[in-house]
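Structure first, then comments.
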């Protein structure tokens with residue numbers, strides 16, 4: 003099991019807001035990488051408990067035949083409010099934030115140099131209430147891996163205010179000021195993207211209650227090329 007403590011913070015300024023924060027390290031199997039259409043129910047399940055200590059690194063007690071499959075630990079920081087989940091993923095010395103906004107039904111990916119937006123997928127993201135309740139009750143989570151190939155729509159989105167009274171997806175991208183923001187969509191048919199031998203198997207990875215999701219941006223090379231062209235134009239201006 004993962005590290006074992008979850009603490010709750012109740013803010014009483016205005017409406018009551020419940021906030022849950024913690025850390026966890028999730029074992030990842032090296033052998034499984036499943037297509038979303040081939041997900042098996044309860045294929046790989048284990049209870050996950052969260053710790054208030056970011057340095058806790060306790061791996062679940064797996065049997066020997068299963069432990070040989072372990073490739074690495076997915077380390078996350080969890081920050082759950084009433085309608086927004088912020089999942090900070092630490093991988094290869096980099097921190098990436100996944101922000102799931104249930105009011106606007108949007109998911110944001112906040113990277114160091116750019117941001118992405120896409121529709122929230124309830125088959126992968128547990129609701130805040132259910133996520134917290136499952137953790138507190140010691141429920142088992144399906145941590146089998148699924149892979150999605152997504153395409154970034156070009157050009158980057160132009161900043162625009164949301165209509166009055168409407169949910170504002172931009173709030174989940176508050177850290178994206180002066181960064182390009184791209185909308186992600188399923189790549190169908192998927193593009194072929196060549197990777198170098200030392201490149202990571204995915205561009206982003208996260209666990210938000212249902213499966214470990216790996217994301218590949220199939221046209222990342224085009225995204226980087228467009229950003230470089232924009233920088234060159236800005237330098238000449």
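In the numbering used here, the protein residues as written are 3 to 239.
Where is the CB? At the ideal position from N, CA and C, for every residue including glycine.
Short Cβ contact (7 angstroms threshold) for residue i with residue j
i: residue 122; j: residue 215; result: no
i: residue 158; j: residue 183; result: yes
i: residue 211; j: residue 128; result: yes
i: residue 76; j: residue 111; result: no
i: residue 120; j: residue 226; result: no
i: residue 218; j: residue 156; result: no
i: residue 147; j: residue 83; result: no
i: residue 87; j: residue 130; result: yes
For residue j and residue i, believed in contact at Cβ under 8 angstroms, the rounded distance
i: residue 132; j: residue 220; result: That pair is no contact at about 31 angstroms.
i: residue 90; j: residue 99; result: 5 angstroms
i: residue 213; j: residue 144; result: 6 angstroms
i: residue 117; j: residue 26; result: Not a contact, Cβ separation roughly 24 angstroms.
i: residue 104; j: residue 85; result: 5 angstroms
i: residue 209; j: residue 78; result: 6 angstroms
For residue i, the three-state DSSP class (helix, strand or coil)
i: residue 181; result: coil
i: residue 145; result: coil
i: residue 186; result: strand
i: residue 99; result: strand
i: residue 112; result: strand
i: residue 154; result: strand
i: residue 84; result: coil
i: residue 70; result: Here residue 70 scores only 46 on pLDDT, less than 50, and its place in the model is too uncertain to base an answer on.
Identified DSSP bridge partners for residue i
i: residue 78; result: 26 and 91
i: residue 210; result: 127
i: residue 215; result: 148 and 208
i: residue 121; result: 108
i: residue 134; result: Residue 134 pairs with nothing; no bridge assigned.
i: residue 139; result: Note: residue 139 sits in no beta bridge, so no partner.
beta-carbon residue i near the ligand NAP non-hydrogen atom, thresh 6 angstroms
i: residue 23; result: With respect to small molecules bound, the structure shown includes none, and the ligand NAP cannot be examined in it.
Host alpha helix (DSSP H) of residue i (start-end)
i: residue 236; result: 222 to 238
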